[in-house]
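The structure appears right after this line, and notes come after that.
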Amino acid sequence: MSGLHSWLLDKSTSDTYMFIKRLSANDTGATGGHQVGIYIPSGIVEHLFPSI
1 MSGLHSWLLD KSTSDTYMFI KRLSANDTGA TGGHQVGIYI PSGIVEHLFP
51 SI
């Protein structure tokens, strides 16, 4: 078992959600595009933050 896998198992509970994403160049601003910041799919945002 990897260190990351062990850490995730240690931190997870039945009432916890985790969003794990490999950052793209666009997420970090490396492409020079207009989007800077992490893209989170709308379905996940609606589930985790229903009031937004």
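Residues 1 to 52 in UniProt numbering are what the sequence shown lists, from first letter to last. Idealized CB from N, CA, C, for every residue including glycine.
- Scanning its chain for C-beta atoms nearer than 7 Å, with the 5 sequence neighbours on each side dropped, one finds no residue around M1.
- For V36, the three-state secondary structure derived from DSSP is coil.
- Between the alpha carbons of G33 and Y39 lies a gap of roughly 13 Å.
- When DSSP states are grouped into helix, strand and coil, G43 belongs to the helix group.
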